[in-house]
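For the protein sequence lines, the chains are S and C, in the order given. Sequential numbering of the first sequence, starting at 676, is according to this note's numbering. Sequential numbering of the second sequence, starting at 3, is according to this note's numbering. The next block holds one structure in the form of structure tokens; read it before the comments.
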Amino acid sequence: MISTNDLLSILPVLILSGWGMVLILVDLVVPKERSALIGWLSMAGIAGALAAEAALWGLDLSGFGGMVRQDGMSAFIGSVGLLATLLTVWVSLNYIRDRGIERGEYYALLLFSTCGILLMAQAANLIVVFLGLELLSIPLYILAGFARPQVESEEAAIKYFLLGAFATGFLVYGIALVYGATGTTDIARLAEVAQTGRNATLLLVGAGLLIVGLGFKVAAVPFHMWTPDVYEGSPTPITGFMSVGAKAAGFAALLRVFLLGLHAVQADWIPVVAILSALTMILGNVVALSQTNLKRMLAYSSIAHAGYMLMGVASGNPSGLAAVMFYLLAYTFTNIGAFAVLAALARREGEDQTFTQYAGLGRKHPWLAVAMALFMLSLTGIPPTGGFFGKYYLFLAAVEGGLGWLAIVGVLTSVISAFFYLRVIVDMTMREPERETPNRIYPASVTTLAVTALGTLVLGLWPGPWLQLAQAGLKMLTGN
Amino acid sequence: MNQLGFPLLTLITFLPLVGIPILLLLPRDREEASKWVAFGISVLTFIVSLRLLLSFAPGEAGPQLVDRAAWVPQWGINYFLGVDGISLWLVLLTTLLSPIAILSSWNAIHDRLKEYLIFMLLLETGMVGVFVSLDVFLFYVFWEFTLVPMYFLIGIWGGPRRVYAAVKFFLYTMAGSILMLLAIISLWLAAQAQLGRGTFDLIELIQVANGLPLQIQMWLFIAFAAAFAIKVPLWPLHSWLPDAHVEAPTAGSVILAGVLLKMGTYGFVRFNLPLFPAASVQAAPTIAILAIIGIIYGAIVSFAQTDVKKLVAYSSVSHLGFVMLGIFSLTPQGIQGGLLQMINHGLSTGALFLIVGMIYERKHTRELDAFGGLMKLMPVYGALSLIVVLSSMGLPGLNGFVGEFTILLGAFGSKALVPQGWIYAAFAASGIILAAVYMLWMFQRVYLGEVKPENRDMQDLSWREEWVLIPIVILIFVIGLFPAPFFAVMSNSVAAILARLPALAMVVR
């Protein structure tokens, strides 16, 4: 029987999914021109879910027979996901109208996808990880292809769907192998059984397949090939959502399954994850150097940042856990902000994407250029931004975990990354404009940019309280 | 400790930022108002910083006028500011050169003036922050932060190759400093191992680091040195400097040469020597050799230049080689001479860039051969230029001589420079001769000789231009004739550093 405790433990998911269904019904009665109303309503729903997360803060709930947990980590990552969705919806309000793709289901799909993120953050059982992953991914497949008349968007959707389904297959097979090796899919039980060393080889093969499945989602090398095309073709706010939300979900699952569930076999999977992290950082940053399309460059940057966060996973210690969580928060503000700048300049046929098209933006819209400069500096890791503190924490975790070489790779690739992040700033501020940009920037865009820029700065100047929140998630590791 | 009961250092560091909201609110066409606001704030900062002289007690070696607050307690990062004999003059140099730089760009910058002034003020805050931070993490934050305004100043308002120079400057400097970040993390972990909690407090870290084995000290020394050596710049890591200096706007070059380069040499004295004394002693000969190569190389390449700005840029490499030699002689004279020479170089090379800027503003060229006989044409300008050139050369009676002489004295008697200190001193002294060569050669070609007909309309200095140079010239004489008070401020703090160095019998004065 389902008890109140069970329902309480998934309260944010209930609110969000219920609201999403309400929105679909509301969309039936709302006239097409007023579809933005659905957007505003969805923001209300997200606010409600955030309130639920806040209300459940500090509690440690276990629901549905131990299949889901609501603890510090799920609250933090869930809130990050909800924040990402909120910002995405805010940016989308004007964007999809200008692109002529405004439909109510857009917002409902976003909400369902966020439910997936919340579930993955809460998963205490591998089956729930799979459930959350599918719930996250399927709406995203649709949303990637939302800019329907454009071929790139349709291509993005098909590519994402095919490769994503394939990767999910790997994940399920991995779960099956882990079950075969240990006799359980419960993560806490898994930790106990892994310690006994029973069926170690089978367990490790299963773990490897899990890395493949989750690595696809977070865009780690060599499972990253879908990222540039999908990011480039999707509507820009969705790209922002994918880069942050899907990553948050993927890393939540990676942290729970590996740092907690497979803690006993750390010595076996840490080298693998470390090497993947190094490859991801190197490939993401090096290939980004040669991009001429800003959206594609941000896609490769996203791959690179997955690499940095994998450093935290590979460190295998509590610092790594807290570092990844803090970095996700900083990354949310920074990356969605960067995509918001692109979205703010959207037109019917899609927004400008090549670097030269952004030349001289600083003259016409100085504040846009300032915001973009701030986001680029945060992505590079220059103080006093959230990105700097996040990277510092990840390096600290890596060195603490004995992976000094990985920290050096991270450091060197950060320098490489400065080159292409600076290029954006150079083009916007130091070159002359080559074409007309829209005069008008919507208030919603301005507010989103202000919020994300402020968030980036606040995390860089007063990281203390946010660190404390991230470290609240550590109880998951020690409290068990 | 903070005897004042008033956060003076915090005020000095962040006062320039007060000008930024005012500048943002001013409408774009109010150019005069913007310039006065920025200039006023920076002059105010300078006046406030003079208060440091009144409150500073030269007898004490440790940090004074400390401001302390917790910043990120979870990581042991504190907001810890303090000034001592090593940093006092550098803070004053910064607050002096900033208004001078703003004043020098009065008529030179019209495009996006507001943003220019905002970056200058941001830069001043960053630079002062670097010199007064005694928490290693806070130091790193300020250090990296200064890259950003300087990058924009070069990249937006610079010369034809400004984007290349700005990006090169940024990447080069960032590469070094991010290696320093890893060293800082290692220090934190060492502190955690030894003290039970990680900390970035420099005083505590000195205790921790001194106890580390030599091998580890050496790696950390190299990581820190990477960042500082690029900044100095120590040969062969200097190739970013000529491009950055030539392409930067005049005020940018003044600040870059006058202050930013000192951040590198300061870093060696503040961090490398106290934290890693054993490694410092071991590395001293190598660094001294690189410094001497820099002295001679910088001088010779200077001589070959036809662009005056590039000539001065390479002369910076040469002069700062002297400073590095002084520091790594690991003697009281050497280090104090090096510290004084930092100030001297800031003044004289800053003035040299100002002078070049003045003729560039008139004729939009910096080629040596485009000028001649300027002494006849512009006597005031010529006289002030002569003083600055002679100071840069090291003429006795002026500031440059005091610094160079003290450094050579230190090198001569140094036990750290193997096999014999005087060999190093002899090579370095040849640098003084070479400096005379390129400086006087430049002076002859630009200021003496025939006046070119197209230059006959060049105007002598305006009031504003005179007042940009006069404070520097006054200080050139004061330091040159009365250096004792300047040394008195430094001596105890320098002695404290040297006291940690293992078994180095030092020259007794």
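Idealized CB from N, CA, C, for every residue including glycine.
- Partner residues in the beta bridge of aspartate 137 of chain C, as assigned by DSSP, are C:Asp203.
- For proline 75 of chain C, the nearest beta carbon of chain S is closer than 8 Å to its own beta carbon.
- Setting aside the 5 residues that flank it on each side, glutamate 467 of chain C is surrounded in the same chain by Met360, each with a C-beta closer than 7 Å to its C-beta; the list follows chain order.
- In the DSSP assignment, tryptophan 901 of chain S falls within the alpha helix (DSSP H) that extends over 901-908.
- Residues of chain C whose Cβ lies closer than 7 Å to the Cβ of glutamine 1143 of chain S are, in chain order, Gln76.
- With a contact defined as Cβ atoms closer than 8 Å, valine 804 of chain S and alanine 928 of chain S qualify at about 5 Å.
- A Cβ of chain C is located within less than 8 Å of the beta carbon of glutamate 1075 of chain S.
- Collapsing the DSSP output to three states places asparagine 968 of chain S in a strand.
- Between the segment 164-178 of chain C and the segment 94-107 of chain C, the count of C-beta pairs closer than 8 Å stays below three; the two stretches do not touch.
- Secondary-structure assignment with DSSP links isoleucine 79 of chain C through a beta bridge to C:Val74.
- Alanine 798 of chain S carries a strand assignment under DSSP once its states are collapsed to helix, strand and coil.
- Contact annotation: glycine 1076 of chain S and asparagine 992 of chain S have beta-carbon atoms nearer than 8 Å.
- Taking C-beta atoms as the reference points, arginine 53 of chain C and leucine 10 of chain C count as a pair closer than 8 Å.
- Closest option to glycine 87 of chain C, judged by alpha-carbon separation, among C:Leu292, C:Leu67, C:Val210 and C:Pro18: C:Leu67.
- Proline 276 of chain C counts as buried, since at least 16 other C-beta atoms from the protein chains shown sit within 10 angstroms of its C-beta.
- The segment 346-354 of chain C and the segment 393-409 of chain C touch, with no fewer than 3 CB-CB distances between them shorter than 8 Å.
- Residue pairing for aspartate 69 of chain C: DSSP places it in a beta bridge opposite C:Leu83.
- Between serine 320 of chain C and alanine 437 of chain C, the beta carbon gap of about 6 Å places them in contact (Cβ cut-off 8 Å).
- Per the C-alpha coordinates, the member of S:Leu810, S:Thr679, S:Pro910 and S:Ser710 positioned closest to leucine 691 of chain S is S:Leu810.
- The residues Gly178 and Leu181, in chain order, have a CB closer than 6 Å to that of alanine 228 of chain C in the same chain once the five nearest residues on each side in sequence are set aside.
- Residue state for arginine 744 of chain S is assigned as strand, using DSSP reduced to three classes.
- For the pair glutamine 219 of chain C and alanine 281 of chain C, the CB atoms are nearer than the 8 Å cut-off.
- In its chain, beyond the 5 residues on either side, Ser350, Leu400, Asn401, Gly402 and Ile478 have a beta carbon closer than 6 Å to the beta carbon of serine 393 of chain C.
- Counting only runs of 3 or more residues that sit fully inside the segment 222-273 of chain C, no beta strand (DSSP E) segment turns up.
- For serine 737 of chain S, the enclosing beta strand (DSSP E) covers residues 736-738.
- With respect to chain C, the C-beta atom of alanine 1093 of chain S has a partner C-beta closer than 8 Å.
- According to the DSSP assignment, asparagine 346 of chain C belongs to the alpha helix (DSSP H) that extends over 334-365.
- By the criterion of at least three beta-carbon pairs nearer than 8 Å, the segment 770-790 of chain S is not in contact with the segment 946-959 of chain S.
- Only residues of its own chain outside the window of five on either side were considered, and among them Ala798, Ala799, Asn800, Leu801, Arg931, Val932, Leu935 and Gly936 have a CB closer than 8 Å to the CB of isoleucine 862 of chain S, listed in chain order.
- Judged by pairs of C-beta atoms under 8 Å, the segment 144-160 of chain C does not touch the segment 78-86 of chain C, as fewer than three such pairs exist.
- Contact check for leucine 119 of chain C against serine 57 of chain C fails: the beta carbons are separated by 8 Å or more.
- Classified as buried, tryptophan 765 of chain S has 16 or more neighbouring CB atoms from the shown chains inside 10 Å of its CB.
- It is roughly 50 Å from the alpha-carbon of alanine 501 of chain C to the alpha-carbon of leucine 450 of chain C.
- Annotation: the continuous alpha helix (DSSP H) that includes methionine 444 of chain C extends over 423-449.
- At a cut-off of 8 Å between beta carbons, methionine 176 of chain C contacts chain S.
- Threonine 1029 of chain S is bridged by DSSP to S:Asn968.
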